[in-house]
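Worksheet: one structure, shown below.
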Amino acid sequence: MVIDLDIRAKQITKISISIVTFNYPIADLIRCLESIVASIKNYQSLTGTSYRAPVAVFNNGSEEISKNAILRAFIFRHRTSPCEFHIIEGQENLGYGSAQNVAISRVLAGSEVHVIMNPDIIVGAGAIAAGMAFLTEN
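Under the numbering used here, the sequence shown has 4 at position 3, and the numbering climbs by one with no breaks.
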């Protein structure tokens, strides 16, 4: 199957992403988030859009990550990136599905496509563009 990456004429521009973590290493989560930023930037350069994609990270009741200095520094560095990060602290482990539902509810408004991810995913630079092209064609 050939996917047409020239999707400017028929583009999906509003993407949101949710990730649920539980006792996940911050350094690995940062790598995941960095890859999302790079892939969204690539997608936006292909489509000529500037929509800030909301990305929710739901901490499913493990050690509080919102106070983690590395994560806070990452979010500060990317405050003008194509992603708008939302850190949600769960008070208890809700389970994966319920935690995703909470995260999705925080970022879904206005989205045309929502991507559910695990924190161990490294998104390829062209992955979001290819995925959105596939969705628009099918």
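For every residue, glycine included, the Cβ atom is placed at its ideal position computed from N, Cα and C.
- Here Phe59 is buried. Its C-beta has 16 or more other C-beta atoms within 10 Å.
- In this structure Leu136 is exposed. Its beta-carbon is surrounded by fewer than 16 other beta-carbon atoms within 10 angstroms.
- The Cβ atoms of Cys84 and Ala54 sit closer than 7 Å to each other.
- Around the CB of Thr81, fewer than 16 other CB atoms lie within 10 Å, so the residue is classed as exposed.
- If you draw a 10 Å sphere on the C-beta of Asn61, you find 16 or more other C-beta atoms in it, and that means buried.
- In the structure shown, Ala126 falls within a coil segment according to DSSP collapsed to helix, strand and coil.
- Annotation: Ala110 is outside any beta strand (DSSP E) and is labelled neither H nor E by DSSP.
- Taking a contact as a CB-CB distance under 8 Å, the pair Ile16 and Val116 counts as one, their CB atoms being some 7 Å apart.
- Cβ-Cβ distances below 8 Å link Thr22 to Leu30, Val58, Phe59, Asn60, Asn61, Ser63, Ile66 and Pro120 in the same chain, with the five nearest sequence neighbours on each side left out; the list follows chain order.
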